[in-house]
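Engineer: Chains as they are written, first to last, in this note's numbering: chain A, 5 to 525; chain B, 20 to 331.
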Amino acid sequence: MIGDTILKLDKVTKVYPNGTVANRDINMEFEKGEIHSIVGENGAGKSTLMKMIFGIESPSSGTITYKGQEVHFQSSLDAIKAGIGMVHQHFMLINSFSIVDNIILGDEPTSGAFIDRKEATRITQEVSDKYNFELDVTAKVSSLSVAKKQKVEILKTLYRNAELIILDEPTSVLTPQETEKLFVQLRQFKEQGHTILFISHKLEEVKAISDRISVIRNGVSKGTYRNEELTMEQLTNLIIGRDLESDLEQFKTHEDFNNEKAMIVNDLYMERNGKPALNKISFAVKKGEILGIAGVEGNGQLDLIRCITGLEKTAYTGKITICGKDTTGMNIKGRRDLGMAYIPEDRMGDGIAGPLPISDNMISTYYTRDDVNKGMFMDNKAIDRISDELIETFAVKAENNKVSIDSLSGGNIQKVVVAREYNTHPKFMIAEQPTHGIDIGSAEFVHHKLIELRNEGVGILLVSADLNEVMDLSDRIIVLFDGEIAGYFPNARTVTDQQLGMYMLGASHQTEEEIGGALND
Amino acid sequence: MLSSIFGSLFTTRFLATVIRLSTPILFAAVASFIAASTGMVNIAIESIMTFGALAGILGSYLTGNAWAGLLIGLVVGILTALLIALFSMRLGASPILIGIALNTFADSLAIFFLYQIAGEKGTSASLPTKTLPVVNIPGIQNIPVLGQLLSGQYVLTYICWIVLILLFIMIYKTPLGMRMRACGLNANAARTAGINVEKLQIFSLVLSGMFAALGGMYLSLNYLRIFSKGMVAGQGWMGIAANGIANGNYGVLLLSALIFSAFRAVSIVFSSSTIFPVDLVAAIPYFAVFCFVTIASIIRYYRVKAGKVEEQ
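1. DSSP state of A/Asp247, grouped into three classes?
2. Sort A/Met508, A/Ser62, A/Arg458 by Cα distance to A/Gly491 and report the nearest one.
3. Ignore the nearest five residues each way along the sequence and tell me which others in A/Val474's own chain have a CB closer than 7 angstroms to its CB.
4. Can you pull the chain A residues whose beta carbon is under 7 angstroms from the beta carbon of B/Ile214, in chain order?
5. Would you list the residues sitting across from A/Met433 in a DSSP beta bridge?
6. Could you please give me the residues that DSSP links to A/Asp82 through a beta bridge?
7. B/Met108 versus chain A: which residues are under 7 angstroms apart at the beta carbon?
8. From which residue to which residue does the alpha helix (DSSP H) around B/Arg198 run?
9. Taking C-beta to C-beta, are A/Lys18 and A/Met56 nearer than 8 angstroms?
10. What residue from A/Lys85, A/Ser446, A/Val407, A/Val462 has the CA that sits closest to A/Ile429's CA?
11. Could you check whether the Cβ of B/Met199 sits closer than 8 angstroms to any Cβ belonging to chain A?
12. Since A/Tyr492 sits in a beta bridge, which residues does DSSP pair it with?
13. Are B/Thr31 and B/Ile287 closer than 8 angstroms when you measure CB to CB?
14. Determine, for B/Leu204, whether the minimum Cβ-Cβ distance to residues of chain A falls below 8 angstroms.
15. Taking 8 angstroms as the threshold, find out whether the segment 354-372 of chain A comes into contact with the segment 448-462 of chain A through three or more Cβ pairs.
16. So who's on the other strand from A/Ser204, going by DSSP bridges?
17. For chain A, check one thing: does any of its Cβ atoms lie closer than 8 angstroms to the Cβ of B/Pro194?
18. Please confirm whether A/Thr52 has its beta-carbon closer than 8 angstroms to some beta-carbon of chain B.
19. Which class does A/Pro361 belong to by DSSP, given the choice of helix, strand or coil?
20. Could you pull out every residue in the same chain whose Cβ sits closer than 8 angstroms to the Cβ of A/Val400, ignoring the five residues on either side in sequence?
21. Exposed or buried, B/Tyr173, counting other C-beta atoms within 10 Å across all chains shown (16 or more means buried)?
22. In terms of alpha-carbon separation, which member of B/Ala47, B/Gly92, B/Gly26, B/Ser23 lies closest to B/Ala280?
23. If you measure from the beta carbon of B/Ala55 to each beta carbon in chain A, is any gap under 8 angstroms?
24. Could you confirm whether any beta carbon from chain A is found closer than 8 angstroms to the beta carbon of B/Glu330?
25. Terminal residues of the continuous alpha helix (DSSP H) containing A/Lys385?
26. Could you list which residues in chain A have their beta carbon closer than 9 angstroms to that of B/Asn207, in chain order?
27. On the three-pair Cβ rule with 8 angstroms, is the segment 84-99 of chain A touching the segment 224-238 of chain B?
28. Keeping to the same chain, check which residues put their C-beta closer than 8 angstroms to that of B/Ala307; ignore five residues upstream and five downstream.
29. Going by the CB atoms, is the gap between B/Leu238 and B/Met250 shorter than 8 angstroms?
30. Using a Cβ-Cβ cut-off of 8 angstroms, state whether A/Phe77 counts as contacting chain B.
31. With a threshold of 7 angstroms on Cβ separation, who are the neighbours of B/Ala208 within its own chain once the five nearest residues in sequence on each side are excluded?
32. How would you label B/Leu116, buried or exposed, when you count the other beta carbons within 10 angstroms and need 16 or more for buried?
33. So A/Met56 is in the alpha helix (DSSP H); what residue range does that whole segment cover?
34. What are the boundary residues of the alpha helix (DSSP H) that A/Ile312 is part of?
35. If you count every other CB in all the chains shown that lies within 10 Å of the CB of B/Val216, and 16 or more means buried, which is it?
36. Which residues of the segment 23-57 of chain B have a Cβ closer than 9 angstroms to any Cβ of chain A? Give them in chain order.
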C-alpha cells in the first residue's frame, strides 16, 4: 500500500482579500501510510496550507486531489466525511462535556430520535482500547491533563475513521516523556495504514518521527526530502534560508561595570495556600550580565517574577532593590520608572492589547513619556515615527503600523513586545520565556537583541523553561527547585545540562555558602 | 388583618395564582435559555412578548378565530427573531443594541397599530375578539387540591408545560440539542466537528422568538383577554433574570421562574390590604428578582473561586 499517493497538492495558491499571499504554487504529494512532516517558520504558511486541506479555507487557485479525486471542500465537514482529521494546536474541546460527548459530537449514534449514550460509550471505549489510549471515556474533559486532552482530540479523528490525520504542533504542550509516548502511538497509526501529517518547528522531533519532510519558507515550497537525506544543518538552512549562528557567546562583549547591581533580591519569602512558594531567596543581577533561572515550571518562577515586577505588592516579605532603590510598597509603574522592563510570558494576555494597532502597542508601557506626548494630547506623529523606526529595526513583518497587532504571527508579535521594552531604555530587564512558541528566525533575533542590551550594561533576568536557551544566553545560572535556590553556577559556560538537571529535579542541593554567591559574586 | 393575609399565602388558591402567573415568566425564561444555549443573546424578549400579544389579539379580531390569532402572533415572534439574527449575524450589529432598540420601540409601535385598528390608545377592549379557552380536565378536576391546580388552567398554560418537557428532551437527549449546547460552550470546537454553528444559532433565535410570543399571547389571548398598554410589565426581563441565575442549568431556570411568579402572587395578595402602600407592594416581585440575581452571582463567585465550577 505504501507508495500510493493519498493527497496531492498541485500549484496551490492562497491570496487573502487584503492581498497577503500565504501560499504560492505549492506542489506536494503525500503517500499512504507515511509520517510526513511539514516544517517552516511561524508565518511561513503552514497553517494556511493545513486549513485548505481541512476545508476551513479554500485555495485561490490550484487543485487538491484526494484519493485520486479532485476535491473542493466547502467546510471541514466535507473533509471529515472524506476521511481527513485534524488535531488543532489549540484544543477544540468542550470542557464541560464528557469525553464521549466530545468525540461523538457531530456524528452521534442514535436510537430513534435520541442519542444512544450506551452505544456511544461502547464505541468510544472500543476505539480508545484498540489504540491503547488508557482513557476512561465517561470522564469530563475539564478533569483531564493536557496530554490526555490531546488523546481525546486524536480519538475524535479516529472515531470519524480518519485515514489522513493532521497534527498541528502537537508536541508544543507535552513533556519530553509524553512526546515520546505520542511518537510511539503515531508509529502505531502508521502501521495500521493511517497517513500522518505532522506540523512542527521542533526539528529534533521532526527528524525523530518523519519518513519524509517538506519545507515551506515564505509561503513557497522548498521541496520534499526523505528524512535520511537531510542533516539537521541542511534542514535548518532550508527553513530559514541561511546558516544559524549557533554560538551566541561570540557576540558578547566583556566591559567592566564595576560589579554594580541592577537588581537585588534579599530574603524574599512568600506563601501560597499556607506553604512557602518562595523560601528566603537572595540573589542579584549585575549590570551587563544575563542571569538565567533554570527550573521545571511551577517551582516558584511565576511568583518570583510577580514579586519583582510588582504584580504582587504586599504578598511577600524581604527586600527587592532596583537600581539602588528599595521598592517596598512600590507599584509596577514606580518600578518601571526606576528602569525596569518586562517581557511577559503570556504574550497575548499580558504582552499586548490584541485589537489595537502595532503603533499603540509599541508605546503602551511608556505612553506618559514626554516624547510621545504634546501638552495634554498624545503626539500621534511622534508615535508613528517611533513605531516605524522600531518596526524597521526589529524587522517586524507587517503592512504598516496601523494593522491590529493580533493579525501578526507569534514571532512578529513577540518582536513588537521586545522592541517596546527595548525602547523604554531599561537598566534592568526581566525576560520571561522570551522565545516561547516562536519560530527559529524570530527567536534568534530576540536572542541577539537581549545580548545587545546586555553589552550596553543592562542587567537581564532570564527565566525560561527551555534549558538550551538558558545555557546559551546566560552568564550565570540559578536553579530553582520547590521555591528555593537549589544550585548556583557562576560560570554558565562550564555547566552541562545533566548537571542542571540534577538540581532541577531536586536530586542535588548546594550548601548555603555556595548559593550565597548568587547574591555576593 | 395581617394574619389573614399571611394565612392566604398557604392556600390552594394561592398556589393556583402562582401557576396562573407563572406561564408568561416560564415562556420568557425558556426563550432566554434557548437563545443562550447556542451562545446568542436575546434581550428583546420583553418587546417580542408585546408584539406577540398585540399580533395575537389583532389577528384574532381580523380572522375571527383565536387559534388563527395565535398563529399570526407566532409568525410575528419568528419574524422579530429573524430581524435580530439578520442585524447581529449578517450586518454585524451588537445584539444588545438591537435588543435595546426593539424594547424602546415596542410599546409605541404597539400603540400605533392599536390606534390604527381599534381607534384607541390604551386597550383593545373595543374590539370584539375571540380568545383562547380554559381547559377543564374531566376526572382530575374533581380531585381535591390537585384538581384545582391541574385542571381549569388556561390552554396556553398546558401548552407551556408541554413545551417545557419537549424542550428538556430536545436539549439534553437529542443530537440537535447536544450540538446546540456545543455551539454555546465552544463555537470553534463545534465548527471543527463539522457543525453549522450559524444555522443552529438562527434556529435557537427563532425558537426564542416563538416562546416569547407565546408568553405575550398568554397574557392577551388567554389570561386578560385583551391587549392593554404596558401589560408585559417586566415579565420578559424576569425570564432573562431567571436564565442569568440558571447559567445553563434547566432545573434552576424553571425553579427561578416559579419563585419570581410566587413573588408576583404575593404582591397581588398584599395589594388587597390597605396596610402597605400599594406602590411598595407592586415593587415586591421586582425587588425579589434583584435580590435573587445578586445572591446567585455571589454564590457563583465563590463557587468559581473554590474551583467547584469553571468559568464559562
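The C-beta atom is built at its ideal place from N, Cα and C for all residues, glycine as well.
Structural biologist: The structure says:
1. Interpretation of A/Asp247 is limited by its pLDDT of 49, a score under 50 that renders its predicted location unreliable; the figure taken from the coordinates is listed afterwards. It is coil, neither helix nor strand.
2. Comparing alpha-carbon positions, the option among A/Met508, A/Ser62, A/Arg458 lying closest to A/Gly491 turns out to be A/Met508.
3. Gly296, Ala298, Leu466, Ser468, Ile481
4. Gly110
5. A/Ala345, A/Ile464
6. For A/Asp82, DSSP records no beta bridge to any residue.
7. Those within 7 angstroms of B/Met108 in chain A number zero; the least Cβ separation is about 17 angstroms.
8. 194-204
9. yes
10. Position check: residue 429 of chain A holds His in this sequence, whereas Ile was assumed. Of the candidates A/Lys85, A/Ser446, A/Val407, A/Val462, the one whose C-alpha sits nearest the C-alpha of A/His429 is A/Val462.
11. So no, B/Met199 is outside the interface.
12. A/Ile482
13. Result no, Cβ atoms of B/Thr31 and B/Ile287 do not sit closer than 8 angstroms.
14. yes
15. no
16. Looking at the DSSP assignment, A/Ser204 forms a beta bridge with A/Val43.
17. yes
18. With 8 angstroms as the cut-off, A/Thr52 does not count as an interface residue toward chain B.
19. In the structure shown, A/Pro361 sits in a strand (DSSP, three-state: E or B).
20. Ile362, Leu394, Leu412, Asn416, Lys419, Val420, Ala423
21. buried
22. A quick correction: the sequence has Ser, not Ala, at residue 280 of chain B. Ranking the options by Cα distance to B/Ser280, first place goes to B/Ala47.
23. no
24. Interpretation of B/Glu330 is limited by its pLDDT of 49, a score under 50 that renders its predicted location unreliable; the figure taken from the coordinates is listed afterwards. It does not; no Cβ of chain A falls within 8 angstroms.
25. 384-397
26. His92, His94, Met96
27. no
28. Ile278, Phe279, Phe282
29. yes
30. no
31. Here the set comprises Ala201.
32. exposed
33. 50-57
34. 305-313
35. buried
36. none
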